[in-house]
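Structure first, commentary second.
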Amino acid sequence: MLTRLIEYIKLHKFTVLLFLVVLYFVLKQVTPLPVARFSSTESMGIASPAMLKAGADTFGGISAPSYMPVQEYAPTPSITNRMVVQNSYLSLLVNDVVSIRKQITDYAVSLGGYMVTSETTNPTDAPTATVTVRVPSGSLDATLEKFRGLGVKVVSENLVGTDVTDQYVDIDARVATLEKTKAAMESILERATLISDLSNITQQIIGIQSQIDALKGQQKSLSENAKFAKVTIYMSTDEIALPYAPSETFRPAVIFKLAVRALVTTLRSVATAGIWIAVYSVIWVPVLILLYVLNRYLSRKPRV
2 MLTRLIEYIK
12 LHKFTVLLFL
22 VVLYFVLKQV
32 TPLPVARFSS
42 TESMGIASPA
52 MLKAGADTFG
62 GISAPSYMPV
72 QEYAPTPSIT
82 NRMVVQNSYL
92 SLLVNDVVSI
102 RKQITDYAVS
112 LGGYMVTSET
122 TNPTDAPTAT
132 VTVRVPSGSL
142 DATLEKFRGL
152 GVKVVSENLV
162 GTDVTDQYVD
172 IDARVATLEK
182 TKAAMESILE
192 RATLISDLSN
202 ITQQIIGIQS
212 QIDALKGQQK
222 SLSENAKFAK
232 VTIYMSTDEI
242 ALPYAPSETF
252 RPAVIFKLAV
262 RALVTTLRSV
272 ATAGIWIAVY
282 SVIWVPVLIL
292 LYVLNRYLSR
302 KPRV
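With the first letter of the sequence shown counted as 1, position 270 gets the number 271 in this note's numbering; the numbers rise by one all the way through.
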């Protein structure tokens, strides 16, 4: 059988090549169905606990918050009331995703907080939800205790705290320097007589004021983020759909579920490709027939 196939390919190289080209373009158009892929430490684009412990606030590629310091600031140990931005992450195995999601948002509002984001996927098949709320920092411990009680099991929990006191004080110093510079420029502006000098100094004052406004905006953001802790809750009726660090390195039940899901994904991809090939048969079947007939005609034509 294999020998006959090889001989056929040698005799009909052009036909086979055309068939492969058509097949390539058909398969290229196939779009796989959105099936979640899971791993032991990362699932559905959710950050793994290792990332969370490192201070990364990511879910599906979202970068870290803008208030996270990107440089070292001079320490100010004399300040006793430190300004700390707190971010907590909970992974909960629950019985009813929609109900728990509503209870979380209602509780946050009752404390004077608010909902930041809420997303639910696969509502009819192993539903998964991600809810982010902000609550007063003083109520964070009570909030976490409340949310833990809403789940069947706490799969993972992380708390990330970032001290932004030094950054806040540094911004204060920078604003003070800019305000002094602005006052000096305004004094020069009052004595200026030439139009060119007036225009140049005015532009510099406007630029300095823009810097001051931007820095004060950063300060306000730091202050508000320190007052309201952010809590992100990942919840699902399927433990595999949650970000967690497995307590055991070998878990046959989990591996079996992952293998079944991988098999379903593969079968869906094959079925999708088959449908595309069948639909495009209105193009490649007539072409192959035409080439076959043409090849038979040319092979029968006597050579001169």
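Where a beta carbon is used, it is the ideal one built from N, C-alpha and C, also for glycine.
Quick caveat, the model's predicted, so the values are computed rather than measured.
Start and end residues, beta strand (DSSP E) containing residue i
| i | result |
| --- | --- |
| Asp313 | Nothing about residue 313 can be read from this structure; the chain reaches only from 2 to 305. |
| Glu120 | Tyr115 to Thr122 |
| Thr131 | Thr129 to Pro137 |
| Tyr90 | Val85 to Leu94 |
For residue i, the first and last residue of its enclosing alpha helix (DSSP H)
| i | result |
| --- | --- |
| Ala215 | Ile196 to Lys228 |
| Tyr108 | Val98 to Ser111 |
| Leu151 | Premise fails: Leu151 is in no alpha helix (DSSP H) and is neither H nor E. |
Pick from the options that is closest to residue i, judged by C-alpha positions
| i | options | result |
| --- | --- | --- |
| Pro128 | Leu223, Asp97 and Val86 | Asp97 |
| Asp173 | Val165, Gly139, Gln220 and Ile256 | Gln220 |
| Ala227 | Gln204, Thr233, Met84 and Leu190 | Met84 |
| Thr21 | Ser300, Val176, Arg301 and Trp285 | For the record, residue 21 in the displayed sequence is Leu; it is not Thr. Selected option, being the one with the closest Cα: Trp285. |
| Pro244 | Thr182, Val110 and Leu93 | Leu93 |
| Ser100 | Ser282, Val132 and Val117 | Val132 |
| Ala109 | Lys183, Ser188, Ala230 and Asn159 | Ala230 |
| Ala242 | Val156, Val134 and Gly139 | Val156 |
| Tyr293 | Val170, Val283 and Val17 | Val17 |
| Arg175 | Ile202, Ser211, Asn201 and Arg192 | Ser211 |
| Glu146 | Ser89, Ile189, Glu225 and Leu291 | Ser89 |
| Glu240 | Val95, Thr4, Gln104 and Thr163 | Val95 |
| Lys103 | Ile234, Val283 and Asp171 | Ile234 |
Whole-angstrom C-beta distance between residue j and residue i, which should lie under 8 Å
| i | j | result |
| --- | --- | --- |
| Val165 | Leu223 | 5 Å |
| Ile209 | Leu179 | 5 Å |
| Thr232 | Thr144 | According to the sequence displayed, residue 232 carries Val and not Thr. Yes, Val232 and Thr144 are in contact; Cβ-Cβ is about 6 Å, under 8 Å. |
| Gln205 | Met186 | 6 Å |
| Gly114 | Val86 | With 8 Å as the limit, Gly114 and Val86 do not qualify as a contact, their Cβ atoms being about 15 Å apart. |
| Glu158 | Leu91 | 5 Å |
| Ser140 | Leu112 | 5 Å |
Cβ pair count under 8 Å reaching 3, the stretch 196-208 against the stretch 105-123
no
Under 8 Å, with one C-beta from each stretch per pair, do the stretch 178-196 and the stretch 217-237 reach the 3-pair mark?
no
Is it the case that the stretch 144-151 contacts the stretch 260-278, given that we only count it when at least three CB pairs across the two stretches are under 8 Å?
no
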